[in-house]
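Undergrad: Residue numbers (my numbering), protein chains in the order written: chain A, 9 to 146; chain B, 1188 to 1313. Take this structure first; my questions come after.
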Amino acid sequence: MANAPSLPDSTALRDETELRRVRQLGSARSGLREWRLQRLTALALIPLGLYFAASVLRLATSGQLTAAAWLSSPVPALLVILFVLAGLAHALIGVKSVLLDYVHTRARLLAAELLVRAAAVILAGASVLAILKLFLGR
Amino acid sequence: MNRPLSPFMFPTWYRFQTTSGLSILHRLTGIALAVGSILLAWWLVSVAAGGELFAATHAFIASPIGMLLLFGWSIAFFYHLCNGVRHLAWDAGFGFELRQAYRSGYAVLAAAALLTALAWLYVFLV
């Protein structure tokens, strides 16, 4: 620690952080956490996605069951909320990794990431509020 | 730095391979599905709001453009789902041999086509 050279800001992308020296190998930043969250949400989205797809098919072919009635029952309400949250978390990590590959200016990358994050939070909030309104108002 | 960056290698310098094509398709379908989450949230809000907003949303979804979008998203959904399982298998250390990678790739294409076809047959025939 005492001998750690102080790095200028322009080299901040290098792996020479204190945590890097402690852990020796592997990422010293948040890469592993995102990698893990992407796989975790991917696993969750297999059953949740299939459930959602099957439910939408059932809604499309059923003359009686309406979307509002379906979403106001507890199990569909819970599973669709989980589907939306897992899906948007998964999408956010994916879109951010695409941005990282194609946006080469740090300021633009930060702006784009914040914009995408804001969109994901707004979409998640709106979806959850809509389902809660149907579920609580039945 | 005027070196060519990897995305620009593809049409000029790289020979097309099925495996890398499928990898690009995974990204493209992922982006398409992320955009689709806007329609999903909009649809959920319109169901909660009911009335005119729901009627307008429903009319848009049932229109030719809406159905075309839904068809595209269903392909993207089933492809990304099947290829995602392939990725999870790789993450777990399975299927890295070139032959296996090609086989699983063709299996993913077949499974995605089958699931999409079954879903739409169900909608139109049931």
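All C-beta atoms, glycine included, are put in the ideal place defined by N, C-alpha and C.
Chain B partners of I101(A), CB-CB under 9 Å?
TA: Those within 9 Å of I101(A) in chain B number zero; the least Cβ separation is about 10 Å.
Undergrad: Below 7 Å CB to CB, which residues in the same chain sit around F1234(B) once its five sequence neighbours on both sides are set aside?
TA: The amino acid at residue 1234(B) is misidentified as Phe; the sequence shows Val. F1241.
Undergrad: Would you tell me roughly how many angstroms separate the C-alpha atoms of L45(A) and I54(A), rounded to the nearest one?
TA: Answer to the nearest angstrom: the Cα atoms are 14 Å apart.
Undergrad: Can you tell me whether DSSP reads A1281(B) as helix, strand or coil?
TA: First, the residue type needs correcting, since residue 1281(B) is Phe and not Ala in the sequence shown. Of the three classes helix, strand and coil, the one that applies to F1281(B) here is coil, per DSSP.
Undergrad: Candidates K141(A), G145(A), L117(A) and A99(A): which alpha carbon is nearest A127(A)'s?
TA: The option with the nearest alpha carbon to A127(A) is A99(A).
Undergrad: Among R41(A), L40(A) and A75(A), which one has its Cα closest to the Cα of I139(A)?
TA: The residue with the shortest Cα to Cα distance from I139(A) is A75(A).
Undergrad: Mapping the DSSP letters down to three states, classify T1206(B) as helix, strand or coil.
TA: The answer is helix: DSSP assigns T1206(B) an H, G or I state.
Undergrad: Taking just the CA atoms, how far does E1239(B) sit from A1294(B)?
TA: Between A1294(B) and E1239(B), the C-alpha separation is close to 44 Å.
Undergrad: I want to verify the contact list: residues of chain B whose CB lies under 9 Å from the CB of R125(A), in sequence order.
TA: Under the 9 Å cutoff, chain B gives no residues; its nearest Cβ is about 12 Å from R125(A).
Undergrad: Give me the subset of the stretch 1231 to 1242 of chain B whose CB atoms are less than 7 Å from a CB atom of chain A, sorted by chain position.
TA: Cβ contacts with chain A: L1231, V1232, V1234, A1235 and G1237.
Undergrad: By DSSP, does V1234(B) sit in helix, in strand, or in coil?
TA: Of the three classes helix, strand and coil, the one that applies to V1234(B) here is helix, per DSSP.
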